[in-house]
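In this note's numbering, the protein residues as written are 1472 to 1881.
Every residue gets a Cβ at the ideal spot worked out from N, C-alpha and C, and that includes glycine.
From a predicted model like this one, the values you see are computed outputs, not experimental measurements.
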Ligand SMILES: *Cc1c(COP(=O)(O)O)cnc(C)c1O
């Protein structure tokens, strides 16, 4: 619950959730959407509270918020969206429809227009469903093999070039520190073919520099989650990139049946260039972002870039070592702390041996069903391991997690 703040474990008790009879979670798993993503910054919450007391033209608010976000990300334009997943729907819609109102109106029906989004096969995730929601067909290319030792790995430059054709609307890329091929190669090939590149960098900040790094490499559209380390409202995201693509996304996002707001908002400039004609509600209209969320995201992003990232990393590392130290005497388990990455906190990896009184699976499910719930990282449960991520734990909560593990294993 901390992100480096010192918070007492009393705050785990929460009257609102108590009243609903829904147990709260001690989050030892990091910024995972399914357990609430992040704890919104107090400053963002305060801004949302104020935003809730007035009406405002959403198009004017979007325009100003977009300018501020674009400034921070070093992109031409930006749009506050409904999560990174919502930004991906709009990104695909923008690349497919461009400035064609007819296509905007027909989406997700893409008959007669290029609708393929080419992706390296190793970049497929459950979230690319968002591209298909807008009507895109995903074409995945290359091999999925990094582990079998057959020598054919990932995606070759020629393979990517070969897969881009008349039906290609965009190339999709998921950014991770280990993503292959490198983004600059993919951008190079895509731009040679005149096709934009959409980068899903939802969880790739911190480091703060990643907010602008992908544009410097030539990405045309980049999506970020507002509800992860930025600590904005859980439902927010950012779509940033080239003017004309962001304008297309904005047109497909906002209510369009009303009279245009005062000229100069990106939407209205766009409408002017189309002779004052307006499209109807687009495919993104179902992904509405409220005025409170827009304001909250902007405030959270401003606070995020002002934060001392290295102090935060030091706190996480200290917390991880403290938890590992508390777990060390427990029989039947072994622990080690991972090397901190640039973008992620170090984690305590706990290996549960056969001599332990519970298996890793049983221990993790015991923790997950007690009250308050304790959720740990369980990606490697099959190997008898789980992970404790310090990012969302206060020191007291870290102590509590270690105590509960000890209690289950003694
Ligand atoms: C979290 C995540 C998303 C979705 O982000 P939301 O803001 O929750 O919509 C998309 N792609 C990747 C790679 C993610 O990690």
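Candidates the options: which alpha carbon is nearest residue i's?
| i | options | result |
| --- | --- | --- |
| residue 1576 | 1875, 1749, 1859 | 1749 |
| residue 1689 | 1707, 1638, 1657 | 1657 |
| residue 1659 | 1649, 1629, 1531 | 1629 |
| residue 1608 | 1614, 1616, 1599 | 1599 |
| residue 1485 | 1842, 1851, 1854, 1879 | 1842 |
| residue 1512 | 1852, 1785, 1770, 1855 | 1770 |
| residue 1789 | 1777, 1810, 1594, 1772 | 1810 |
| residue 1802 | 1827, 1781, 1633, 1834 | 1827 |
| residue 1589 | 1569, 1612, 1568, 1567 | 1612 |
| residue 1550 | 1617, 1721, 1623 | 1721 |
| residue 1535 | 1687, 1765, 1834 | 1765 |
| residue 1687 | 1664, 1655, 1754 | 1655 |
| residue 1514 | 1860, 1644, 1778, 1627 | 1778 |
| residue 1525 | 1617, 1754, 1761 | 1761 |
| residue 1638 | 1537, 1618, 1617, 1664 | 1664 |
How about residue i and residue j: are their beta carbons less than 9 angstroms apart?
| i | j | result |
| --- | --- | --- |
| residue 1818 | residue 1858 | yes |
| residue 1509 | residue 1700 | yes |
| residue 1758 | residue 1877 | no |
| residue 1725 | residue 1756 | yes |
| residue 1620 | residue 1703 | no |
| residue 1593 | residue 1671 | no |
| residue 1713 | residue 1546 | yes |
| residue 1882 | residue 1795 | It is not possible to answer for residue 1882, since the shown part of the chain is limited to 1472 through 1881. |
| residue 1522 | residue 1763 | yes |
| residue 1504 | residue 1622 | no |
| residue 1870 | residue 1793 | yes |
Assuming residue i and residue j form a contact by the criterion Cβ under 8 angstroms, report the distance between their Cβ atoms to the nearest whole angstrom.
| i | j | result |
| --- | --- | --- |
| residue 1675 | residue 1705 | Going by Cβ atoms, the distance from residue 1675 to residue 1705 rounds to 18 angstroms, so no, they are not a contact pair. |
| residue 1564 | residue 1723 | 5 angstroms |
| residue 1844 | residue 1496 | 4 angstroms |
| residue 1574 | residue 1584 | 5 angstroms |
| residue 1556 | residue 1601 | 5 angstroms |
| residue 1631 | residue 1605 | Actually they do not touch by this definition, with Cβ atoms about 22 angstroms apart. |
| residue 1678 | residue 1780 | 6 angstroms |
Kindly list the residues whose CB is nearer than 6 angstroms to the CB of residue i, restricted to its own chain and excluding five residues on each side of it in sequence; keep chain order.
| i | result |
| --- | --- |
| residue 1821 | 1804, 1806, 1857 |
| residue 1728 | Here the model assigns residue 1728 a pLDDT of 48, short of 50, so the residue's position is not dependable, and the following value carries that caveat. So no residue of the chain qualifies. |
| residue 1544 | 1682, 1683, 1711 |
| residue 1730 | Per-residue confidence for residue 1730 stands at a pLDDT of 47, beneath the threshold of 50, marking its modelled position as unreliable; the derived number appears in the next sentence. None. |
| residue 1651 | 1625 |
Closer than 7 angstroms by C-beta to residue i: which residues in its own chain qualify, once you throw out the five before and the five after it? Chain order, please.
| i | result |
| --- | --- |
| residue 1862 | 1474, 1501, 1502, 1787, 1816 |
| residue 1881 | none |
| residue 1603 | 1609 |
| residue 1825 | none |
| residue 1696 | 1554, 1555, 1673, 1674, 1708 |
| residue 1640 | 1566, 1567, 1585, 1586, 1587, 1588, 1607 |
| residue 1569 | 1719 |
| residue 1860 | 1499, 1500, 1501, 1816, 1818, 1848 |
Could you check the C-alpha separation between residue i and residue j for me, to the nearest Å?
| i | j | result |
| --- | --- | --- |
| residue 1581 | residue 1685 | 28 angstroms |
| residue 1498 | residue 1837 | 15 angstroms |
| residue 1847 | residue 1830 | 15 angstroms |
| residue 1571 | residue 1548 | 19 angstroms |
| residue 1668 | residue 1693 | 8 angstroms |
| residue 1586 | residue 1636 | 11 angstroms |
| residue 1718 | residue 1642 | 19 angstroms |
| residue 1520 | residue 1540 | 20 angstroms |
| residue 1666 | residue 1648 | 24 angstroms |
| residue 1490 | residue 1853 | 36 angstroms |
| residue 1633 | residue 1879 | 55 angstroms |
| residue 1532 | residue 1615 | 43 angstroms |
| residue 1516 | residue 1562 | 28 angstroms |
| residue 1558 | residue 1492 | 33 angstroms |
| residue 1538 | residue 1800 | 53 angstroms |
| residue 1617 | residue 1754 | 37 angstroms |
| residue 1518 | residue 1627 | 47 angstroms |
| residue 1785 | residue 1507 | 24 angstroms |
| residue 1680 | residue 1542 | 13 angstroms |
Take residue i and list the residues in its own chain whose beta-carbon comes closer than 8 angstroms to its own, dropping the five residues that flank it on each side.
| i | result |
| --- | --- |
| residue 1891 | Residue 1891 lies beyond the range of the chain shown here (1472 to 1881); nothing can be said about it. |
| residue 1481 | Low per-residue confidence applies at residue 1481: pLDDT is 46, beneath 50, and the placement is therefore not dependable, though the value from the model is reported in the following sentence. Excluding positions up to five away in sequence, the list is empty. |
| residue 1875 | 1838, 1841, 1845 |
| residue 1823 | 1803, 1804, 1829, 1830, 1831, 1834, 1855, 1856, 1857 |
| residue 1494 | 1488, 1842, 1843, 1844 |
| residue 1644 | 1590, 1591, 1594, 1650, 1654, 1657, 1668, 1669, 1670, 1671, 1690 |
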